[in-house]
Amino acid sequence: MTTKTTLTDRYVWTVTRHLPDDVGPDVAQELRGTIADAVDGKVDAGADPAAAEQEAIAELGDPDALARHYGGRPNYLIGPGLYPDYLRLMRLLPPIVLPIVLVANLIGRLTASDDNWGSILLDSWVVVLTVGVHLGFWVTLTFALIEWHRPETDRDRPLSDWKPDQLSTEVPWRAVGLTETAFSAGFAFVLAAVVAWQFTGVSGDAIQVLNPHLALVWEIALVALLALDGVLALMVWQSGRWTPVLAALNVATNAASATLLVWLLSRGELLTDLPTVLGERFGWSTDWAIPTALVAAGIVLVSLWECVESVVKARRSMKGQRVA
Numbered sequence: 012m013t014t015k016t017t018l019t020d021r022y023v024w025t026v027t028r029h030l031p032d033d034v035g036p037d038v039a040q041e042l043r044g045t046i047a048d049a050v051d052g053k054v055d056a057g058a059d060p061a062a063a064e065q066e067a068i069a070e071l072g073d074p075d076a077l078a079r080h081y082g083g084r085p086n087y088l089i090g091p092g093l094y095p096d097y098l099r100l101m102r103l104l105p106p107i108v109l110p111i112v113l114v115a116n117l118i119g120r121l122t123a124s125d126d127n128w129g130s131i132l133l134d135s136w137v138v139v140l141t142v143g144v145h146l147g148f149w150v151t152l153t154f155a156l157i158e159w160h161r162p163e164t165d166r167d168r169p170l171s172d173w174k175p176d177q178l179s180t181e182v183p184w185r186a187v188g189l190t191e192t193a194f195s196a197g198f199a200f201v202l203a204a205v206v207a208w209q210f211t212g213v214s215g216d217a218i219q220v221l222n223p224h225l226a227l228v229w230e231i232a233l234v235a236l237l238a239l240d241g242v243l244a245l246m247v248w249q250s251g252r253w254t255p256v257l258a259a260l261n262v263a264t265n266a267a268s269a270t271l272l273v274w275l276l277s278r279g280e281l282l283t284d285l286p287t288v289l290g291e292r293f294g295w296s297t298d299w300a301i302p303t304a305l306v307a308a309g310i311v312l313v314s315l316w317e318c319v320e321s322v323v324k325a326r327r328s329m330k331g332q333r334v335a
C-alpha cells in the first residue's frame, strides 16, 4: 500500500532538500505550521480545503527562492563585494591573453601547415574567439564559486583592499602629454619617410624591402596615410584630449591603411622577393617564403588596437568632462 504525499509535503521537501541538517528540520516545521495556519484561515472563510492549500502554497512563492532565503545563499552569481575585482580582471585579461593566443596560433599554423593564408587567418580568429569564451566562462565561474562559499558576513567585502595608489596618474581628458605626442608623431613621420625612401629604390648597403615598382598612386596613398598619423598625433596634443571626431579620424586612417596594406600584400605587390634579396646580400638560403598570413595578421592586430584605444580614450574623455 502506497501513501500519497500531499501538496504541502512536496513543497516542504523541495524547500528543505538542499538545506543543512541543522537547519532543514526547523525550516520544515516552520513551513508546515505557516501553511497549516494559512489553510485554516481560508477554510474558516469558506474556501475548499484543497483550494485553500493550493492558494496558501502559491502565496509562499518559488520553493527554490525560499530555500536560498533560509539557507542564506545569494540570489546572484557575483555580488557587489566581488564585482569590482571581477570587472577589473575581465578588462585586464583579454587584451593580454588573446593577442598572445593569436600570435602563437599563427606561428604554429605557419610552421606546421601548408594551408593558404586565408584559411590560417580564419582558423586563428576561431581559436581566439574560443579562448575568449573560455576565459570569460572560467573567470566568471571562479568568482561565482567564491561568492557562493563566502560567509554571509563577508559578502559585501572586496577580495582586495582598494588603495589611492591605484588611481590613474592623470585624469583621462588631460592625459595627452608632450613626450607621448613627440614619440607618436616622430615615429609616424620617420616611418613615412622610410617608406617613401624605399619606394624610390635603395642603393649601396641598404636592403630593398618594399617593392619600388608599386603603382605610384598606392605609394602616395601609403606615405600620406602614415604621415596623417603624425598629423593626427599633433592634433590630439593641441586639443589636449581625444575627441569623438579625432577618434573617428584615427579609426578611418587605420582602417584605410590596414585594408590597403593587406590587399597589396595578398597580391604580392607590397614586398620584394626578400628570400632572394637577403640571399644575395648575406649568402643565406633562399629556400623559404615570407609568412604573408602572419604579416597580415600583425597589420590587422596593430590597427585594431590603435582604433580601440582611441575610441576608449575619447569615450573616457567625454565621460570625464560630464563629471567635471
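Using our numbering, the letters of the sequence shown correspond one by one to residues 12 to 335. For every residue, glycine included, the Cβ atom is placed at its ideal position computed from N, Cα and C.
Assigned exposure category for residue i - 16 Cβ within 10 Å defines buried
i: Gln249; result: exposed
i: Asp55; result: exposed
i: Val38; result: buried
i: Asp51; result: exposed
i: Glu70; result: exposed
i: Gly241; result: buried
i: Ile68; result: buried
i: Gln7; result: Because the chain in this structure spans residues 12 to 335, residue 7 falls outside the shown range and cannot be described.
i: Arg120; result: buried
i: Thr17; result: exposed
i: Glu191; result: exposed
i: Lys15; result: exposed
i: Pro31; result: exposed
i: Gly35; result: buried
i: Lys330; result: exposed
i: Phe154; result: buried
i: Leu239; result: buried
i: Val26; result: buried
i: Thr141; result: exposed
i: Ser214; result: exposed
i: Leu117; result: buried
i: Trp316; result: exposed
i: Val201; result: exposed
i: Ala203; result: buried
i: Ser328; result: buried
i: Trp253; result: buried
i: Leu227; result: exposed
i: Val137; result: exposed
i: Val144; result: exposed
i: Trp184; result: Confidence at Trp184 is low in this model, with a pLDDT of 47, below 50, so its placement is unreliable and the value that follows should be read with caution. Buried, since its Cβ has 16 or more Cβ neighbours within 10 Å.
i: Leu103; result: exposed
CB contact below 8 Å: residue i versus chain C
i: Ala244; result: Considering every chain present, this structure includes no chain C. It has just one protein chain.
Unbroken alpha helix (DSSP H) run spanning residue i, endpoints
i: Asp20; result: 18-27
i: Ala56; result: Element bounds for Ala56: n/a, residue is neither H nor E.
i: Trp229; result: 227-250
i: Asp75; result: 74-82
i: Trp274; result: 255-277
i: Ala300; result: Neither: Ala300 is in no alpha helix (DSSP H) and is coded neither H nor E.
i: Ile89; result: Segment: none, Ile89 is in no alpha helix (DSSP H) and carries neither H nor E.
i: Pro60; result: 60-71
For residue i: DSSP bridge partner residues
i: Leu282; result: Leu221
Given residue i as reference, the closest of the options once Cα atoms are compared
i: Trp159; options: Arg79, Ser195, Phe194, Val201; result: Arg79
i: Leu42; options: Asp59, Gly72, Ser328; result: Gly72
i: Asp172; options: Val205, Val150, Leu233, Leu93; result: Leu93
i: Val247; options: Ala207, Ser277, Ala325, Val213; result: Ala325
i: Arg99; options: Thr151, Arg120, Ala196; result: Thr151
i: Ala307; options: Ser321, Cys318, Gly279; result: Gly279
i: Thr45; options: Ile301, Leu109, Tyr22; result: Tyr22
i: Ile301; options: Leu276, Val311, Trp316; result: Leu276
i: Glu230; options: Ser268, Asn261, Arg252; result: Ser268
i: Asn261; options: Trp274, Ala244, Arg327; result: Ala244
i: Leu305; options: Leu237, Pro105, Lys330, Leu133; result: Leu133
i: His29; options: Pro60, Pro74, Thr153; result: Pro74
i: Leu237; options: Pro169, Ala207, Gln65, Val108; result: Ala207
i: Glu64; options: Thr19, Ala193, Pro106, Arg327; result: Thr19
i: Pro95; options: Thr270, Leu170, Leu77; result: Leu170
i: Asn265; options: Val137, Ala199, Phe148, Gly82; result: Ala199
i: Thr303; options: Leu109, Ile131, Trp136; result: Ile131
i: Ala232; options: Phe194, Ser195, Leu272; result: Leu272
i: Gly90; options: Leu289, Gly251, Leu156, His224; result: Leu156
Below 8 Å, can you find three or more Cβ-Cβ pairs linking the stretch 218-226 to the stretch 272-291? Yes, the stretch 218-226 is in contact with the stretch 272-291.
For the 8 Å Cβ check, are there 3 or more pairs between the stretch 255-263 and the stretch 314-328? Yes: at least three Cβ pairs fall under 8 Å.
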